[in-house]
């Protein structure tokens, strides 16, 4: 069984959501279409649907993240699920065995879904490989590997503005090497048929395998964003950086910060994206982050709808069965 | 736009609840009347009404307070709202810009209300000035400025026992200088037409602007509580005190602690109030705190009803619109 | 009034659940029968019943325990109650008076139930003695005294496999001296008429009063588990052990660890139980913990049903009244 296959149950329905890599194009389209319906829920006064009433969703966070936990908690509550927040100090569960015992216990309590955040790549896969058949696992970010719900909300946001993926030129700018967000975005864009994906950043922050991911590498930002339809800025993960990979924040901003002046090189109707939280004045100028081409806050809104869509699809499959 | 005006929307309806200062008398009466209805909810077996089902209320606590957070969380849950608790370490969000980005994100997630607690005066106002039009802000205590829901529950409790505010003599005793509770109480009592409000405490704990607040200052407690109808004791905020403002707890109790002996100087049917948590033996004698004239626990009960009233009024205005 | 009596209200109905000691056999049977009904709730897609809608249940944890808190939170949510989690640092509430003030406040907020966890024996009793008449208290573990919901889920699990308690031989193995679980188990088994209860462990870990509890003491494990129907392993509470009570983990495992080889001495259909979390390779061999005779995960599942039964019984008594 390959890593991708584990995401589907024996009837071929989506059971886990661990990575975008290897997903069929139709699955991605189904999630996007489904998320459209949930967009209207968030805008209503009563932002709640009873789809997952009586289900128990566990936020299993081995890496603290108020922001990401909040989006999953809101999505689950608006689907009427019960939510348990469990924060685990990885230092105390470093033994694989006790992690498995914890999973066995939560399964025995008839929990239905684990939303997993972990600083080690592969953690969500590992958990998905070991859970009982009635459990679904959602990867809420594992190490520098994948952050697939972020990747989905990004392509959802692009589709709202640029419906034909096969006509797009997309630039991803910044610390691609350490970014699970970038990896998930690249997979989604590739599967949806985007003909030109560019990775823009300094040598030290572009992974060696970039070419094999089907992206074009640019070290000069002005060249990299010339005539693109979409600019996806990445957060400069200062905590991930070790030692002398970068000269200084000021110089980084000079070279790779998105300014109005650089933005003028992209297409006039290009949209500007960022997974947040933004470092104003480091990777993006405030006037651009808050400007008319920015869709950064739309991404946040869409994130709830996309997560509701994925949660209801993987758990809803049992109701249909 | 003055600070008071921000609390009302363009249709003249209450949108935020930041301070009692400057509120029209009728608004205060409306809240009190509304809270009467919610009093019955708390006493029922099923303590829940569906008024705010599908709304998302965020407790945004920049200053930890289990007690206050609990009252708001209970009020929101009994209105059937979804509640998110977010505790923010102020040291990590000291930059105003990142606070605003956090607000923008919560707005984009279609949250409806921020209940804000902050150790800096003006924080709730600042947030209210910067939130999107669909958001309401409740001030759950900002620095030494205001704690308006506490002020409201205090006058609600007084009205239960002494319905005619225009006949009352009220003494507020203790650390008035550092007390947001005292400020909110004084504004509410003034607006409701209480003819005599007394501020009782040592020179170091009475603010210089006391006279301009319309209160009579007493440094001798026996004189200060003579013939009053209501005694509002304040908590001695030890953590707020710096250096040599007070001699010793024992001496403070001697001079300003409410004892049975001192209480005898007030009217025979005077009520004793305290916002809690009480320091027994420091600002109040246990036998008084637990005695027949104490309404301290009624204040707690009423606090839930008053908060339900305010929450449902500011959010309910959208349903009517 | 004796300690047992406090658990019943004046109409003779179960009001608190503090200890199994002294409970009438019929009360235990009623809880077990009730829990059978809730077993089916957990297995349904919609794992929720509206029995406690509008009730407020407070998890009052003076000792941190994500695991136990989770089981009570799930049980309460599946009964549709509102849940408040309050974690109290005992160092800051060491004064008995401020604990009582906190209780008074939660009562005044119309909370209905306190689920209490405390590292001091007798804490839940103390709280039950001091709460208002409308409050029920559940002991979720107090010091080394009692963990009665654990004891109930254990006998519930036994009954599923061995319905006739009067025919059973049960061995409890390990650190009985410091185990509130063991105490609660022994009381439950005695009341249900189990004719032979064995306490198996080293001299240092068997309490002197073991005989008075009606158990047979064995220091040799092979003798202790010979021909038993049920083996209840205890967790080696390393944090409770002081100094030189035990030689080494390896030697403990040699003498008292449950291995396949030792298990063969029990009856062929003996079941293996453990309250969790298990220390694999310390008190139990993995192959036994995960083997066909292990009912450890069934215990977890049953724990939710038993807690739902107890919660709905003590609070439901008010609806009938």
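Protein chains in written order, with the working numbering: chain A, 7 to 327; chain B, 7 to 327; chain C, 7 to 327. Cβ coordinates follow ideal geometry from the N, Cα and C atoms, glycine included. Note that the structure is predicted; figures quoted are calculated from it, not measured.
(message) Per the DSSP calculation, residue 67/C is bridged to which residue(s)?
(response) 93/C and 123/C
(message) Can you look up residue 225/A in the DSSP assignment and give me helix, strand or coil?
(response) coil
(message) What does the alpha-carbon distance come out to for the pair residue 194/A and residue 305/B?
(response) 56 Å
(message) Run through chain C and tell me which residues come within less than 9 Å of residue 183/A, C-beta to C-beta.
(response) In chain order: nothing, as chain C lies at least about 35 Å away.
(message) For residue 144/A and residue 283/B, what's the separation of their Cα atoms in angstroms?
(response) 43 Å
(message) Under 8 Å, CB to CB, which of the residues in the stretch 39-62 of chain A have a partner in chain B?
(response) 48, 49, 50, 51, 52, 53 and 54
(request) Evaluate residue 281/A with the Cβ neighbour count: other Cβ atoms within 10 Å of its Cβ, from every protein chain shown; 16 or more gives buried, anything less gives exposed. (result) buried
(message) Whole angstroms are fine: how far does the CA of residue 270/B sit from the CA of residue 107/B?
(response) 55 Å
(request) Grab me the residues of residue 48/B's own chain with a C-beta within less than 8 Å of its C-beta, minus the 5 sequence neighbours each way, in chain order. (result) 84, 307, 310 and 311
(message) Considering just the uninterrupted stretch of the alpha helix (DSSP H) at residue 160/C, what are its terminal residues?
(response) 154-167
(message) Measuring alpha carbon to alpha carbon, tell me which residue in 134/C, 95/C, 316/C and 123/C is nearest residue 33/C.
(response) 316/C
(request) Taking residue 88/A as the query, report the chain C residues whose CB atoms sit under 7 Å from its CB, ordered along the chain. (result) 83
(message) Between residue 111/B and chain A, is the shortest Cβ-Cβ distance under 8 Å, so that the two count as touching?
(response) yes
(request) Indicate, with yes or no, if the ligand ATP has a heavy atom lying under 7 Å from the CB of residue 17/A. (result) The ligand ATP is not part of the structure shown, which contains no ligands of any sort.
(request) Flag residue 322/B as yes if its beta-carbon sits less than 8 Å from any beta-carbon of chain A, otherwise no. (result) no
(request) Answer with yes or no whether the minimum CB distance from residue 116/A to chain C is below 8 Å. (result) yes
(request) Would you list, in chain order, the members of the stretch 117-134 of chain B that have their beta-carbon closer than 9 Å to a beta-carbon of chain A? (result) 117 and 118
(message) Within the continuous alpha helix (DSSP H) that includes residue 115/B, where are the two ends?
(response) Where residue 115/B is concerned, there is no enclosing alpha helix (DSSP H), given that its DSSP letter is neither H nor E.
(request) With residue 292/A as the anchor, note down where its alpha helix (DSSP H) starts and where it stops. (result) 292-295
(message) Could you check whether the Cβ of residue 92/C sits closer than 8 Å to any Cβ belonging to chain B?
(response) yes
(message) On a Cα-Cα basis, can you pick out the residue from 41/C, 91/C and 225/C that is closest to residue 319/C?
(response) 41/C
(request) Taking 8 Å as the cut-off, decide whether the C-beta atoms of residue 238/A and residue 179/A are in contact. (result) yes
(request) Work out the CA separation of residue 161/A and residue 170/A for me, nearest whole Å. (result) 11 Å
(message) Going by DSSP in three states, residue 255/A sits in which element: helix, strand or coil?
(response) helix
(request) Decide yes or no for the touch test of the stretch 120-127 of chain A against the stretch 288-300 of chain C: beta carbon pairs closer than 8 Å, at least 3 of them. (result) no
(request) Anything in chain B within Cβ reach of residue 263/A, meaning under 9 Å, just list it in chain order. (result) The contacting residues do not exist; residue 263/A stays about 15 Å from chain B at best.
(request) Please classify residue 79/B: is it buried, with 16 or more other beta-carbons within 10 angstroms of its beta-carbon, or exposed? (result) buried
(request) Please determine, among 125/C, 38/C and 39/C, the residue with the shortest C-alpha to C-alpha distance to residue 70/C. (result) 125/C
(message) Suppose the cutoff is 7 Å on Cβ atoms and the five residues either side in sequence are ignored; what does the same chain contact list for residue 156/A look like?
(response) 187, 190 and 281
(request) Give the DSSP bridge partners of residue 202/A, in chain order. (result) 175/A
(request) Would you mind sorting residue 313/B into buried or exposed? The rule is 16 or more other CB atoms within 10 Å of its CB. (result) buried
(request) Please report how far the alpha carbon of residue 18/C lies from the alpha carbon of residue 12/C, in whole angstroms. (result) 10 Å
(request) Could you tell me which residues DSSP puts in a beta bridge with residue 264/A? (result) 290/A
(request) Taking only beta-carbon positions, decide if residue 306/A is within less than 8 Å of chain B. (result) yes
(request) Would you please state the rounded distance, in angstroms, between the beta carbons of residue 175/B and residue 226/B? I believe it to be under 8 Å. (result) Actually they are not in contact, since the Cβ atoms of residue 175/B and residue 226/B sit about 16 Å apart, beyond 8 Å.
(message) So residue 282/C contacts chain A; which residues on that side make the cut at Cβ distance below 7 Å?
(response) 111
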